[in-house]
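Chains as they are written, first to last, in numbering that gives the first Met the number 0: chain A, 0 to 309; chain B, 0 to 309; chain C, 0 to 309; chain D, 0 to 309; chain E, 0 to 309; chain F, 0 to 309. Positions of the beta carbon are idealized from the N, C-alpha and C atoms, including for glycine. Okay, structure first, notes after.
6 protein chains.
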Amino acid sequence: MITNEVKKIAHGIKTMEIRGAGKIARAAALAMKIAAENSKAKNAEDFLAEMEKASNFIESTRPSAVSLPNALRYVMRGARKAEGGVDEIREGIVSRADEFIKSSEEAVKKIGEIGANRISDGDTVMTHCNSQSALSVIKTAFKQGKKIQVYLTEARPFYQGHISAREILKAGIPTTMFVDSAVRHLIRDVDKVVVGADSVAANGAVVNKIGTSQIALAAHEARVPFFVAAETYKFHPGTLVGRLVEIEERDPKEVADPKNFPGIKIRNPSFDVTPAEYVDLIITERGIIPPSAAYAIISDLFGWEFGEKT
Amino acid sequence: MITNEVKKIAHGIKTMEIRGAGKIARAAALAMKIAAENSKAKNAEDFLAEMEKASNFIESTRPSAVSLPNALRYVMRGARKAEGGVDEIREGIVSRADEFIKSSEEAVKKIGEIGANRISDGDTVMTHCNSQSALSVIKTAFKQGKKIQVYLTEARPFYQGHISAREILKAGIPTTMFVDSAVRHLIRDVDKVVVGADSVAANGAVVNKIGTSQIALAAHEARVPFFVAAETYKFHPGTLVGRLVEIEERDPKEVADPKNFPGIKIRNPSFDVTPAEYVDLIITERGIIPPSAAYAIISDLFGWEFGEKT
Amino acid sequence: MITNEVKKIAHGIKTMEIRGAGKIARAAALAMKIAAENSKAKNAEDFLAEMEKASNFIESTRPSAVSLPNALRYVMRGARKAEGGVDEIREGIVSRADEFIKSSEEAVKKIGEIGANRISDGDTVMTHCNSQSALSVIKTAFKQGKKIQVYLTEARPFYQGHISAREILKAGIPTTMFVDSAVRHLIRDVDKVVVGADSVAANGAVVNKIGTSQIALAAHEARVPFFVAAETYKFHPGTLVGRLVEIEERDPKEVADPKNFPGIKIRNPSFDVTPAEYVDLIITERGIIPPSAAYAIISDLFGWEFGEKT
Amino acid sequence: MITNEVKKIAHGIKTMEIRGAGKIARAAALAMKIAAENSKAKNAEDFLAEMEKASNFIESTRPSAVSLPNALRYVMRGARKAEGGVDEIREGIVSRADEFIKSSEEAVKKIGEIGANRISDGDTVMTHCNSQSALSVIKTAFKQGKKIQVYLTEARPFYQGHISAREILKAGIPTTMFVDSAVRHLIRDVDKVVVGADSVAANGAVVNKIGTSQIALAAHEARVPFFVAAETYKFHPGTLVGRLVEIEERDPKEVADPKNFPGIKIRNPSFDVTPAEYVDLIITERGIIPPSAAYAIISDLFGWEFGEKT
Amino acid sequence: MITNEVKKIAHGIKTMEIRGAGKIARAAALAMKIAAENSKAKNAEDFLAEMEKASNFIESTRPSAVSLPNALRYVMRGARKAEGGVDEIREGIVSRADEFIKSSEEAVKKIGEIGANRISDGDTVMTHCNSQSALSVIKTAFKQGKKIQVYLTEARPFYQGHISAREILKAGIPTTMFVDSAVRHLIRDVDKVVVGADSVAANGAVVNKIGTSQIALAAHEARVPFFVAAETYKFHPGTLVGRLVEIEERDPKEVADPKNFPGIKIRNPSFDVTPAEYVDLIITERGIIPPSAAYAIISDLFGWEFGEKT
Amino acid sequence: MITNEVKKIAHGIKTMEIRGAGKIARAAALAMKIAAENSKAKNAEDFLAEMEKASNFIESTRPSAVSLPNALRYVMRGARKAEGGVDEIREGIVSRADEFIKSSEEAVKKIGEIGANRISDGDTVMTHCNSQSALSVIKTAFKQGKKIQVYLTEARPFYQGHISAREILKAGIPTTMFVDSAVRHLIRDVDKVVVGADSVAANGAVVNKIGTSQIALAAHEARVPFFVAAETYKFHPGTLVGRLVEIEERDPKEVADPKNFPGIKIRNPSFDVTPAEYVDLIITERGIIPPSAAYAIISDLFGWEFGEKT
C-alpha cells in the first residue's frame, strides 16, 4: 500500500532531498518494503498488482536516475519468484529489500576488498576525479601493507582532483598530481588505472566524469590495465532496449567566465563514454566481471531478462 | 672572421636577448654572412677553416636550441658545395644565408597558404595551445572564404587557449572552447586537427605543448586527420645520431599552489611527444610532407646526411 | 501424437512450401502444440517421450534450417521445466508454443521499435541488401519524426538494393544508391550502419548477404557503429557444439553468363561471415545485446545450456 | 561425515599422491559423496553444516588447485538446491557427485568430438607442449578421415613436444617439429592452432605452458584461428573475486646448468597468460564457448554467482 | 620556340585527341624537344626564358593531368642542371626529353619484369578493374613459368573485369571472377593483390578505380601483400603543396537507369583513395619502392624539391 | 686489372675462406683498389670498362652475399662521379675504397656510440642471439656508467645466447637468461630491445636470426621500443628491384636427432623477417634512421638510384 511513509520517500527522491545513486536506491527498496508490510490485499493477485503500482509510483519520481529502477526491479523479483499466497510473496519482497539495502550499504567497502586483490605491491595507480569506490580500492590496498603511490589528475573544470589529493594524503599514500592533458605523457610510469562510474551500459560501456575515456584510451595504447569500480546498482537497465545514456552539459561558467570571452562558445560536457574494449575489469561488490558480463549482471540481478516485462 | 658584430649576435643568443626558434636561427645565419664578408683568408682552405670555426663558435652559445645548428649547417652547405676559390665560397655562404633568412621570415605565411589547401569549406578545425603556424593555416583558410569553425582547448596550466580564442575571434571565425579533457568526447564533431610543433625528430615524431599527443591519439582513434604546422628549422638534427629530445618540467606553481597541497608532489611537464604514426602530414614552408620524410628534410636541407660531418 | 496435421506441417517444411526462417519456426511450434494437444499418453514419462519423438520428427525435415531446432527446443523447455503430470506438461508445451508464435510474429515490429531508439535525428543510415528487420528500424525511426536519409548498396548480383530503394522511397525517406565497391569511399558520410542477418553464431559472428562483412570492416575502420537486426530464432544453436555455418555458393549465371566467358570460373558465394568484433550491437525483439551475449541468448531461450541434451 | 575414507582421499590430495587436475577433482567429488552417504545427521540443517565442514576440510588440502573447489562447489550446489529433508539433500549431493565424476571422466573424449567439428579436411593444425585435450581434438578429426597434418613446437625447456610428436606419429598423422622461436615464421602455413589450458580465468584469459601466449599473438596477427581445449573444471573460480593466477617459476636447471653460467641469473617461468582477445574459442566437454562466456560457465556450473557465498 | 608543331601537340592534348597519362606525358616531352631544337635564342638566359615559356604554354592545356607537369619538369631539370651556353642547355633538354620518352614507353614492360620478381610459383593473385601495368606483372610472372592463377572482380559499374578476364584467359592463365562484394570473403585464398593506379600522392596514398581501397583494407586485415603497379609519371607533384586529388563522380546512368528510380539519388564515384598504410609496395619502372618513398620519387625525378620553383 | 692478388681475394670469397658480411665487403673494396692501381688503361673509357669488368668478376664469386655488391657499387660510384682522365677516376676509386674499408672497420664501434645514446640509466635491455653490433650498443651504454641489465634468450637451436651471456658477464653487466618462448611473458620488465640484422630490405624489413620477428611482435604489442643495430653494408640492394631475401633452412639435426623421430619432419629455418612496422629505429654507423629511410640509404650510398644501372 502506498502509505504516507512511502509517499514521503517518493517525495524526497523527487525533490532531490534524497540524492546520490546509492541513497536513492536504498530509499526505493525501503519504500517497497513498507508498502508490502502495510498491504491489506487478500490474495496473491491483488497483492502483486498493488506492488506493481507502488513500484511504478516510486519510479515515476525520477525516471532518469539509474539506480532507482534497479532497486525496484531487484525487489519485485522477490515477489515474482515467490510461490504461494500473500504471505510468501510479502516475505519475498521484504527479504529482497533488506538484502538490497544491506548489500548496497556495504558495496563501497566490498569493492575495496575485492579490487585491492588486483593491486600489487609497488604499483603506481592512476585515478581521476573523486570516486569513493575507486579510492576504496586504493586505500584498502595501501592498508594491506602494499607500498603503492597514486597519480592523480586535477580534473578540470571542478578540480575534484584536489579533493582526492587531500583524501589520499590523509590516508598516508604518496601522491603526484598534474594537469589532465599530461595523462598520456605520464602513463608509462603507471601500473594500473582505477576510476569510478556514473553508470554502466548493457554492452559494458562506462559513463563517467569527462576525461575518463581519454585516460582509458591512453591506458589501452600503453597496455596499462584499466579498472572501473562500480556498485551493481549503477548498471543501466534501459540500455538493454536501446535507450542511450544522455551526456549532460553543465554551466559554461565552470570553464571560464563568458564575459571575458564575448562571442566565444564555451562547452562543458560533464561526462563521457568509455567503450567496453578499453575496460579490462569492472569491480563490483558482487565480484569482478569483464565488461562483456554487464549484460548478464543487469538481467540476473534486475530481471531485465527475456520473457520479463521490459 | 669572428668580428665584433658576430660576437654581439652570439652574445645575444647566449643571454636569451635573442629568443624564439626563428629569431635565433636568422641571427645565426646573419652572423655567418658577416663572418664570411669580413674574412681576410687568402685561400679556400683557410677560408673554410675560418668559417667552420665561426660556426662552432656560434653554435656553442645555445647548443640545445633546435634551430641554431640548422641555420649554421644550412649556410655552411653553401660553402662546402661551392667550387673554386675564396670568392666563390664566400658567395656560396652569403647567398645561402640570405636565402635562409628570407625563407624563414616568410615561413609562417607560406605555411598558412600551403596548409589552407587542406582545409575544406564547412570544416570544424580543432587546435591546441597557441601556435602561430597553426593559426596561420586556419586564418588563411577562413580568408579564402571557407566557412569554418574552430574547436579549441583551454590548454592548462597556462590557458594559452584563452589567447588563441581571442585571436581567432578577432579574425571573425566562430570558436568553441572547452577543457582539455573533453577532447575525445568532442572529436567526433571535428574534421581536421592542426597544431604547431616545438621540434620534429628525424623519425617524424613531434614534440609540442603538453596534451598534443593525447589529441593526436584521439584523432587517430576517430580517424580525424591530424596536421602539424612546422617551419623546417624546427626539425631536430641531433636525433639522427640518437640524441633524445628532452622534455622540460616547469614550475609546479603553474599547476597549483604547493602550499595548499603539502606532501603532494605536483608535476608540470611542458611538452610531450606525438609518435609519427599519429601524424598525417607536416605542413612546412617548403611543402607538405609525410612524417616519414622528416629524415629527408633534415639531411637535404641541413646536410646531416651520410658522409658529411655529424 | 504425430497427427496428420503434424505430418502435413512437416511435409510443408520439407518440400519448402513453408519457407522463410520465421514461417518455418512458427509452423514447427504449432506442430508441437498440436502433437501435445492430441497426445493420449497416460503418464508424464510416456508423454515426454512422445513429445521428444515429435520434435525429432519435425527437426529431421530440414536439419539445416537455423530457426527450426530453435522453435522446437523453445517449446520443449516448457515441457521439461513443468512439474507434475501430463496436464501440467501439456500446458507447458502449449503455452510455450503460443508464446513463441506470438513473439516471433511481432519480432520485426518490435525490432523496429527497439532499434529506432539508436537512430538519431539527422543520421545518415547505410543498409545493404533487403532485410525486413533492418528496414523496420529505419522506417520506425523516420516515422518518429527523425530526419534521416538512407545510403544503399545495389547488392550485386541480385540487385536486392533496387527492391529496398523502392521500399524506402515509398516510405518517403531520402535515399542514395551506389555500387557495392563504393562503400568505403562513402562511409565517412554515414552515421550508422544497419543490416539484417541470416544467422548469428554462438560467438556473435553474423552470417548475412555477401558484402556485409566488407561493409562491417569499412565501418569498423571509420568508427561508424554497425548494427545487426536479427530475430532471436536466427541465433544458431549448432555452433555451440562446433558445427560451422556453411556458406552456400549459388548459380554462376547470376554473376555473368558463363557462355560469354568460356574457360573462366565464375564464383557466386551468397553469404559471408562478419566477425563479432566488427558488430557493435545486435537488435533482437527481446532487446539489444552485445554480440558477446549471443551465447547467453542461445542457452537462455533454447536450452542449449549445460546439463541439457545437446 | 569425515570418515576415514574421506580422510584418506584428502591425504592423497595433500601429499600429491593424487595429482592432475581431473583426478584431484574426481577424488574430491567422491569424498563428498562418501561423506554424505555416511552422515548420521538427523535434520537438514545439521546435515548441511556437516557437508560444508567436509567441503572445507577437503579444499584445505590443496587450496591452490583450480579443479578442487570447482568439484566441491559443483557437488554442494546439489545440496543447496535440493528442497526437503536429509534424504533429499543427500540424494542431491550423491547425484551431483556422480554426475561430476562421469562428466569429468568423459571430458577429454567429448572435447575431442566437439572440437573435431572445427577442423576441416586439409587443415594444418599447430599445437604446443603436450595437452591430452588438444591432442584429442586433433586425433578425433584425423580418425574422422580428415587429411590433416600437425605442426609442433619442441616446447623448451622440457621438450614435451617430443612426447607429443611420438604420440601423433603413433596415430599416423603427418607431423612437422621445430624450435619454439620459429612459430611466427611458420604460422602462414597453419590453418588452426589448438592448445590445452592449465586454467581459464573469469575474463576468458588462459593460463597455459610458457610460450602459449606468444603463439596466440602470432596467430592473432596472422588471422589464424586459435582454439583452447579445456575441461570446465579448469575454469578458475577465484578470479571472480580478484584473485590472480600465480605463475610458477621452476628450477633454473631445466634451462641450463647454472654451474656453467656463474653470475648469470636463469629464469624459468612455467606458464604464461594468453589474453581473451587472442582466443577465438574454448572447447569444453559441455560445448564450444567464446572466451567472454568464461564468466557464465563459472557461475552456472560452480555457483560463484551473485548471492551465493564467495 | 613555340613552333607550329609544338602548338599542334598542345592542341592535341587540350582537345583530348592525345589521351592517356603516358601519351600525354610523352607528347609534352616531345614538344619541349622540338621547342629547344628550334630556338633561336642567342644566350643562355634568353634560351631558358623561352623554354620556361614553352613549358608553361604546354602545361596550361590540361592543368589537371598528373603526367603533364611531371614530363615538363623532368625535361626542364635537364636545362637547369646544365652548365654553359645555349648549346649545352639545349643538349640537356633534348637528352632529358629522349630519356623520358624512352623510359615511359618501356615502363609497362619494365614494371612487369620487376613486379614479377615478387610473384611466387603457385600464387593466387587478385586484381581489380583493368590496369595494363598490373596485368603486365601477372602475365610476366606466368610467362616465367610460374603456375599462378588470377582472382578477378567484375568491377561495377563498367565491368572492366570482363575485359581483364578475356585478356588473362588469352594469356592462358586460370582465372576466377566474382562480384566486387565477395572480395573479403575470398581473400583468404589469395596470396598477393596487384592493382594499377590513376595517381600516387606524395604521402604514398594511391588513387585508383572505385573499390580499390576496399580491397586494400581487406588485404591488410588478412595480411595479404598489396602491390600497386604505377609508372613514375603518375606520381602527383601537386600534392606536395597541399593540393588534393579530386575524385570525379561520373554519370549515374552507369549504375542504374534513373528513370526506374525516380526520387532516388544515384551516386557514381569513379575513384577512391587507398591510404599508404595499406600499400606494401609500389612497383615502378625504376624499381620497387615502399609508399613512404613516393615523396622522394617526386622530388628526385621531377624537381619538386626544396629550393626549386614549386 | 684483375691481378693475381685480385684473383686471390675473389677466390677467398668464393671458398668462404673470407667470411662474415664485413670481411667480405672490405676484401671486395680492397680488390677494386688493387685493380685500379694496377690498371694500364690509357684513357678514361678503357679504364672504366676494365673496372666494371673487375667489379663483375668479384661480384660473381658470391652473388647471394648482401655486402658484396654494396662494397663494389660504393667504390664504383667514385669512378662514375669523378670527372677527368684515368688518374682522376683511379683516385676516385682508391679514395672510395679506402673510405669504405675504414668506415666499415669502425662501424661496430660507431654503432655502439650512437646506439648508446638511446639507452637510459636503469634500463633493462633485451637482446637475442649473438650480434656484435647489438652488444656494442649495450656495452657502450654500460661503460658510460649507465646502470643497465640485460635480458637474454637462449636462442635455440644453436644456443648463441650462451655465448652472449658469457660475453656480457665478462663486461660486468647483470644478465638474466631464459628460453625463447618466455619472451612475451617477460617483456613487461623490459625497457628496450636491441638486436642485430643479417640484412635490411629496401622497405625497412629486417632479416635476422629465427625468433627475432616474434620478439619484435611482442615488443610492439607491449609498446617496448625495438632497435636494430646494422652496418649500412647489410642493406639489401636487390630488394629495390623486387628480389626477395631467401630464408635458409639448415640441417634438422641442429634441432633434434632425426633418428629418434623416424617419420617426423624436422624443420630448421635459420632466419625470419621482421616487418618495418615493428622496428622503431635502425642504428647504423652513419646515424640512426627510421626503417622507412632504408630505401634512401641504399640509393644514397650504393647508387641503386634512378638513372643508374640496376
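Scanning its chain for C-beta atoms nearer than 6 Å, with the 5 sequence neighbours on each side dropped, one finds around residue 61(C) the residues 12, 67, in chain order.
Proximity to residue 301(A) across 113(A), 80(A), 169(A), 205(A) peaks at 80(A), based on C-alpha coordinates. Of the candidates 148(B), 78(B), 242(B), 78(B) places its Cα closest to the Cα of residue 32(B).
A contact is defined here as three or more CB-CB pairs under 8 Å, and the region 131-143 of chain D meets this definition with respect to the region 100-114 of chain D. Closer than 8 Å at the C-beta level to chain A, one finds these residues of the region 199-231 of chain B: 209, 210, 212, 213, 216, 217, 220. Contact between residue 134(A) and residue 102(A) fails: their C-beta atoms lie close to 20 Å from each other, not under 8 Å. Separation of the CB atoms of residue 168(F) and residue 263(D) is rounded to 6 Å, and the pair is thereby assigned contact status at 8 Å.
For residue 300(A), the enclosing alpha helix (DSSP H) stretches over residues 293-301. Counting of Cβ neighbours within 10 angstroms places residue 3(A) among the exposed residues, the total staying below 16. For residue 125(A), the secondary structure class from DSSP, reduced to helix, strand or coil, is strand.
In the three-state scheme derived from DSSP, where H, G and I count as helix and E and B as strand, residue 150(A) is classed as strand. By the neighbour-count definition (other C-beta atoms within 10 Å, threshold 16), residue 48(F) is an exposed residue. Residue-level contact by beta carbon fails for residue 172(D) and chain C, as no gap is shorter than 8 Å.
Annotation for residue 45(E): the continuous alpha helix (DSSP H) segment containing it runs 43-58. The beta-carbon distance between residue 254(E) and residue 218(E), rounded to whole angstroms, is 25 Å. This is too long to meet the 8 Å contact definition. Looking at 82(B), 144(B), 206(B), 182(B), the one whose alpha-carbon comes closest to that of residue 126(B) is 182(B). Taking the Cα positions, residue 157(F) is about 40 Å away from residue 148(E). Excluding sequence positions up to five before and after residue 54(C), its CB lies within less than 7 Å of the CB of 31, 71, 75, all in the same chain and listed in chain order. Neighbours of residue 240(F) in chain E, taken as residues whose beta carbon is under 9 Å from its own, are 112, 113, 116, 286, 287 in chain order.
Beta bridge pairing from DSSP links residue 268(D) with 248(D). Within a 10 Å sphere around the beta-carbon of residue 18(C) sit fewer than 16 other beta-carbons, which makes this residue exposed. Shortest Cα-Cα distance from residue 279(E) to any of 225(E), 16(E), 95(E), 292(E) involves 225(E).
The region 273-287 of chain E makes contact with the region 202-215 of chain E: 3 or more CB pairs, one atom from each, lie closer than 8 Å. Taking residue 0(D) as reference, the option from 189(D), 82(D), 39(D), 230(D) with the minimal CA-CA separation is 39(D). Between residue 57(E) and the set 116(E), 26(E), 203(E), 186(E), the nearest pair of CA atoms involves 26(E). When the Cα atoms are used, residue 289(F) and residue 288(E) turn out to be separated by approximately 15 Å. Chain order gives the chain E residues near residue 280(B) as 202, where near means a beta carbon separation below 7 Å.
Burial of residue 207(E) is indicated by the presence of at least 16 other C-beta atoms within 10 angstroms of its C-beta.
In terms of Cβ geometry, residue 115(B) and residue 284(B) do not form a close pair [threshold 8 Å].
Contacts with chain F at 8 Å (Cβ-Cβ) include residue 255(D). Residue 151(E) sits away from residue 96(E), with the two beta carbons spaced by 8 Å or more.
When only Cα atoms are considered, residue 260(F) and residue 165(D) end up about 7 Å apart.
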